[in-house]
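Laid out in structure tokens, this is it:
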């Protein structure tokens, strides 16, 4: 979800110029500009999921939590059930997971690349057959989250109970939805699911949790600069001439 008509001119470099490559995600100048005070792009959210996998989930080798990238979640959302066989090879082993995290986008037209204007988060617990929807704009993405849940029921061959969490922290502007997705994902992953024994029921409510999206943006920008500096110090192994700093 990129806002090609950016509201502010933040950088004189080309928006498509590559800024930092982190494993499977390459952030552009546009991604960095959007992270400052605009709508988060698919790449911003993909980067954060990649970071959580590479720097946090790696410490929990027995974890079976899968963080699906926005593009994969959107593919599931917009593929008709009769065509599922054609996409299964592009999907991770969903049925082996304990939980799935899916960023949900409200773009109704797949022909419009990276369209849409709102992000929310769907978390699916396969063992308990539940789908929790966290929307920082009340029920703005409710229809899309329910559609994805129905599609997952077919892919996973199991029925799901859908719950929209009314205590999800709410954004106070029109552009912080993606940042709320990242912060909610981090909280549920690191403070809830990974802290509980596998046999223990986990409270997936966000009641009482305060989220500062402005600070969240600053923290993610600082994180990117820290990792980029590490890449520069290491000489960006494997990089080509004029390529961006890269990890690993």
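In this note's numbering, the protein residues as written are 8 to 255. Glycine included, C-beta positions come from ideal geometry on N, C-alpha and C.
Let me confirm a value: residue i is counted as buried when at least 16 other C-beta atoms fall within 10 Å, else exposed. Which label applies?
i: residue 11; result: Below a pLDDT of 50, predicted positions are generally treated as unreliable, and residue 11, at 38, falls in that range; no measurement from the model is reported.
i: residue 52; result: buried
i: residue 243; result: buried
i: residue 89; result: exposed
i: residue 219; result: exposed
i: residue 228; result: exposed
i: residue 65; result: exposed
i: residue 213; result: buried
i: residue 141; result: buried
i: residue 146; result: exposed
i: residue 232; result: exposed
i: residue 58; result: buried
i: residue 118; result: exposed
i: residue 249; result: exposed
Are the beta-carbon atoms belonging to residue i and residue j less than 8 Å from one another?
i: residue 192; j: residue 108; result: yes
i: residue 121; j: residue 49; result: yes
i: residue 257; j: residue 79; result: Shown here, the chain extends from 8 to 255; a query on residue 257 therefore has no answer.
i: residue 254; j: residue 230; result: no
i: residue 128; j: residue 110; result: yes
i: residue 106; j: residue 72; result: yes
i: residue 41; j: residue 126; result: no
i: residue 197; j: residue 63; result: yes
i: residue 38; j: residue 182; result: no
i: residue 159; j: residue 137; result: no
i: residue 91; j: residue 36; result: no
i: residue 96; j: residue 251; result: no
i: residue 76; j: residue 56; result: yes
In terms of alpha-carbon separation, which member of the options lies closest to residue i?
i: residue 176; options: 149, 143 and 201; result: 143
i: residue 206; options: 76, 135, 113 and 184; result: 135
i: residue 81; options: 199, 202 and 115; result: 115
i: residue 163; options: 99, 170, 119 and 189; result: 99
i: residue 69; options: 59, 161, 204 and 57; result: 204
i: residue 43; options: 179, 216, 166 and 186; result: 186
i: residue 152; options: 240, 123, 113 and 237; result: 113
i: residue 47; options: 215, 216, 27 and 123; result: 123
i: residue 211; options: 22, 170, 21 and 101; result: 170
Write down every uninterrupted run of the beta strand (DSSP E) in the region 64-114 whose length is 3 residues or greater and which is fully enclosed by it, in chain order.
Taking only runs of at least 3 residues, the beta strand (DSSP E) segments lying wholly in the region 64-114 are 72-74 and 106-112.
State whether the region 24-34 contacts the region 156-175, with contact taken as three or more CB pairs (one from each stretch) at a distance under 8 Å.
no
With a cut-off of 8 Å, do at least 3 Cβ pairs link the region 212-227 to the region 181-197?
yes
Just to confirm the assignment: which complete alpha helix (DSSP H) runs, minimum length 4, are found wholly within the region 217-253?
Those alpha helix (DSSP H) runs which fall completely within the region 217-253 and span 4+ residues are 220-240.
4-residue-minimum alpha helix (DSSP H) runs that sit fully inside the region 166-196, ordered along the chain
The region 166-196 contains these whole alpha helix (DSSP H) runs: 184-193.
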